[in-house]
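Presented below is the structure to which this report refers.
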Amino acid sequence: MDYDGGKINMSILSRENSERLFWLGRYSERVYTGLRSIIGSYAKNFSLDETNPESAVFSLARAYDNAIVLRDEIGSETFSYIQLAVYEINKAKKSLTPLIHLQKVIDNIAAFCGMADDSIEDEHARGIIKLGKRIERVDLYSRMNANVEDIRREIRRLIYRLPKTGLRYDAETLERLIMLANDDSLKRPEIVKEVEGLIKFLE
Amino acid sequence: MAIAEELYAYSGGVNELLARYGVKFGIYKNGEFHEQLFPFDIIPRIINHDEFAQLERGLKQRVFALNEFLKDIYSDGKIISDGVIAEEFIYSGTGWLAQCAGVSPPKGIYSHISGIDLVQAKNGTWYILEDNLRIPSGASYPMIARELGRKSLPPEFFEKHHVEDNRNYAELLSRTMNYVNTGGLSVILTPGRFNAAYFEHSYFAELTGAHLVTCEDLVVEDENLYFKDYSGKKEKIGAIYRRISDEYLDPVNFNSQSLIGVPHIFDIYRKGNVAIINSPGNGAADDKGIYYFVPAMIKYYLHEEPILNNAPTYLPYYEDDMKYILANFDNLVLKDVAEAGGYGVIFGNKLSSSEKEKFIAMLKAEPRRFIAQEVIDFQDIEIFEGSSQVPRKADLRAFVLMSDEPVVWKSGLTRFSRNPDSFIVNSSQGGGFKDTWIMTEEK
Chain A
0 MDYDGGKINM SILSRENSER LFWLGRYSER VYTGLRSIIG SYAKNFSLDE TNPESAVFSL
60 ARAYDNAIVL RDEIGSETFS YIQLAVYEIN KAKKSLTPLI HLQKVIDNIA AFCGMADDSI
120 EDEHARGIIK LGKRIERVDL YSRMNANVED IRREIRRLIY RLPKTGLRYD AETLERLIML
180 ANDDSLKRPE IVKEVEGLIK FLE
Chain B
0 MAIAEELYAY SGGVNELLAR YGVKFGIYKN GEFHEQLFPF DIIPRIINHD EFAQLERGLK
60 QRVFALNEFL KDIYSDGKII SDGVIAEEFI YSGTGWLAQC AGVSPPKGIY SHISGIDLVQ
120 AKNGTWYILE DNLRIPSGAS YPMIARELGR KSLPPEFFEK HHVEDNRNYA ELLSRTMNYV
180 NTGGLSVILT PGRFNAAYFE HSYFAELTGA HLVTCEDLVV EDENLYFKDY SGKKEKIGAI
240 YRRISDEYLD PVNFNSQSLI GVPHIFDIYR KGNVAIINSP GNGAADDKGI YYFVPAMIKY
300 YLHEEPILNN APTYLPYYED DMKYILANFD NLVLKDVAEA GGYGVIFGNK LSSSEKEKFI
360 AMLKAEPRRF IAQEVIDFQD IEIFEGSSQV PRKADLRAFV LMSDEPVVWK SGLTRFSRNP
420 DSFIVNSSQG GGFKDTWIMT EEK
């Protein structure tokens, strides 16, 4: 019997999938941090209005769109937490007590992140999801006027993650971002602009 | 069935997990794409050990003969020159690909993965309903249903009930891909998320470790097929399990209007530089018109009697058969040979007299386009509707995987019709599925 004719290499990733992993990381983070920040002062339209691109339900749908086509990269187990989060947010839409379901959305996204970190074998694939999360975190904290130390910490975490993915990034943008982080008065809109321009996908 | 009563309590658990893991299929309604859960019924089809052993022998024999047939018609065409099958049945079929003539696939395997549909008549006899040698789908569903059943049922339930483990499908698939691999990666080519069987493509990729790729990820260069990765690096591919049909595979060699496909992939396949699974041109053997001749093929190539029966079939192309069809129209089911997925199936007794008249005119004008079959009153299998059990029509798709030897997967996709009056079990027509249990040898 010939089991060795085919070579399976786990460390190759298509351009399309690298972008999907990146956006899966970003959108899942957007749902997570977005919901955690509003759960104390809940506004239904903000989290559950599908037509609003800033809503959690919209971001979660985009996370799902990426996850469903990444089953082979991330695994069914990791995928399943995104699927469970979708079912919970759909329950929240119909519920008189949406917050309890939104808490489960947060729990499932947290489980997704843990599972992704623990089970995705391909270092680059795992790294790209995390990089997406880190970029989104800096972006969201800056937009949400988080305090200076939190933003600086998130920028440090992003810089640490950056070289571990094999994705190309713009060195000059990175330099400007480091300068902005060290600035005495934190210029949040400029941080958003730089962090959004950091990653360059191949055309 | 006692086992059904026992299983009922676990039905919710399995279905919850199937939803959790996104076990879905895609369907277009009014031009819009929807993902739907594939309805699962927990009552299994059970096939005992000896009965399955007989099916196994018959299925291997059939697939072996079909493979010989493909080898023959794309080379010398002896079965034609010896007068066993008239050439118009081969060359005028929609599955015949003239480009494949003279091309021999790696290790001579045409049908690597064959999905053979069977039904069991009320008297217990199994009949072959059709052969699917192009892109038979569906193995992933009983595979994952069993996997999730193992989580939802009491530990060792399947062992206690002496059920063969069916979780080796991915291993069989890897073995099939590796056996013909010409050197390089094995990949699974999907048309993408909007294909009905996308779940299956991605699940197979996950379990086999073969990369799931789309046409944009692939390129033919210096006589080889390559995968392009995100950093621009290229990796050679030795086997491609493609889940897109022949006509979209290569716009240079087949349908030039196709927007998808990998230009020149057929050219390097012809040179033996990549294995395509299943081989292009297989449609010439799973045409519903060719089905009629499979018993003759078995005798011709293997000098054996067919172990499994065809459903009694008539070809309007032959004068005697046409006479029979016209005389017994109301008792027959007519099938358009070019259609699949439950489309193009007409029950004679369901037509009004004007529809019937129109249909017969079409039949006379295009006799090659249709086959007629006796309606087999096949066995019902119980399904749960709420907590009560109701009988429904069900068929079985058995999977035969060819590598160094043909292997019949010890399970299969059992599809049932949810509509009590319907014989059509296809998922695109609203049907559901069951697990198929093959019993281990009685000790």
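In the order they appear, the protein sequences are chains A and B. The first sequence: position 27 = 26 (numbering that gives the first Met the number 0), numbered continuously. The second sequence: position 195 = 194 (numbering that gives the first Met the number 0), numbered continuously. We put the beta carbon where it would ideally sit given N, CA and C, even for glycine.
CA-CA distance, residue i and residue j?
i	j	result
residue 60 of chain B	residue 400 of chain B	13 Å
residue 46 of chain B	residue 333 of chain B	29 Å
residue 45 of chain A	residue 132 of chain A	21 Å
residue 10 of chain B	residue 115 of chain B	28 Å
residue 216 of chain B	residue 318 of chain B	51 Å
residue 147 of chain A	residue 161 of chain A	21 Å
residue 133 of chain B	residue 113 of chain B	8 Å
residue 308 of chain B	residue 98 of chain B	32 Å
residue 156 of chain A	residue 22 of chain B	36 Å
residue 158 of chain A	residue 109 of chain A	22 Å
residue 265 of chain B	residue 189 of chain B	17 Å
residue 445 of chain B	residue 107 of chain A	Residue 445 of chain B lies beyond the range of chain B shown here (0 to 442); nothing can be said about it.
residue 195 of chain A	residue 112 of chain A	22 Å
residue 136 of chain B	residue 262 of chain B	25 Å
residue 165 of chain B	residue 149 of chain B	12 Å
residue 151 of chain A	residue 175 of chain A	14 Å
residue 192 of chain A	residue 202 of chain B	39 Å
residue 371 of chain B	residue 198 of chain B	34 Å
residue 35 of chain B	residue 157 of chain B	28 Å
residue 5 of chain B	residue 385 of chain B	15 Å
residue 361 of chain B	residue 316 of chain B	13 Å
Please list, in chain order, all residues of the same chain as residue i whose beta carbon is under 6 Å from its beta carbon, the five residues on each side excluded.
i	result
residue 69 of chain B	109, 284
residue 94 of chain B	282, 283, 286
residue 345 of chain B	333
residue 119 of chain A	73, 125
residue 378 of chain B	119, 121
residue 195 of chain B	24, 25
residue 137 of chain A	153, 154, 157, 194
residue 446 of chain B	What the structure shows of chain B is the stretch from 0 to 442, and residue 446 of chain B is not part of that stretch, so it cannot be assessed.
residue 183 of chain B	235, 236, 237
residue 185 of chain B	176, 209, 238
Would you list the residues sitting across from residue i in a DSSP beta bridge?
i	result
residue 115 of chain B	B/130, B/397
residue 384 of chain B	B/387
residue 378 of chain B	DSSP output for residue 378 of chain B lists no bridge partner at all.
residue 438 of chain B	B/162
residue 238 of chain B	B/185, B/274
residue 125 of chain B	B/119
residue 431 of chain B	B/415
residue 309 of chain B	B/127
residue 36 of chain B	B/23
residue 151 of chain A	For residue 151 of chain A, which the question treats as bridged, DSSP gives no partner whatsoever.
residue 371 of chain B	B/313, B/333
residue 344 of chain B	B/334
residue 168 of chain A	A/198
residue 219 of chain B	B/224
residue 44 of chain B	B/435
residue 120 of chain A	Answer is none; residue 120 of chain A lacks a bridge partner.
Assuming residue i contacts residue j under a Cβ cut-off of 8 Å, what Cβ separation, rounded to an integer in Å, is found between them?
i	j	result
residue 55 of chain A	residue 34 of chain A	5 Å
residue 100 of chain B	residue 140 of chain B	With a Cβ gap of about 36 Å, residue 100 of chain B and residue 140 of chain B do not count as contacting.
residue 174 of chain B	residue 402 of chain B	5 Å
residue 275 of chain B	residue 239 of chain B	6 Å
residue 397 of chain B	residue 17 of chain B	Actually they do not touch by this definition, with Cβ atoms about 22 Å apart.
residue 190 of chain A	residue 179 of chain A	5 Å
residue 24 of chain A	residue 88 of chain A	Between residue 88 of chain A and residue 24 of chain A the Cβ distance is about 19 Å, and since that is not below 8 Å, they are no contact.
residue 301 of chain B	residue 63 of chain B	7 Å
Under 8 Å Cβ to Cβ from residue i, same chain only, skipping five residues before and after it: list those, please.
i	result
residue 431 of chain B	37, 38, 39, 40, 382, 414, 415, 417
residue 359 of chain B	325, 328
Can you pull the chain E neighbours of residue i, defined as C-beta to C-beta under 9 Å?
i	result
residue 216 of chain B	Absence of chain E from the displayed structure is noted, the protein chains being A and B.
What does a CB cutoff of less than 7 Å around residue i pick up in its chain, not counting 5 residues either side in sequence?
i	result
residue 267 of chain B	219, 222, 223, 224, 273
residue 168 of chain B	138, 142, 408
residue 19 of chain A	65, 68, 69
residue 77 of chain B	71
residue 151 of chain B	9, 12, 13, 16
residue 89 of chain B	72, 79, 95, 283
residue 114 of chain A	76, 77, 80
**Asked** Which full runs of the beta strand (DSSP E) of 3+ residues lie inside the segment 137 to 215 of chain B, going along the chain?
**Response** 183 to 188, 210 to 212
**Message:** For a minimum of 4 consecutive residues, which ranges assigned as the alpha helix (DSSP H) are wholly contained in the segment 33 to 107 of chain A?
**Reply:** 43 to 47, 55 to 67, 70 to 73, 75 to 93
**Asked** Counting only runs that start and end within the segment 171 to 198 of chain A, where is the alpha helix (DSSP H) found for 4 or more residues in a row?
**Response** 187 to 195
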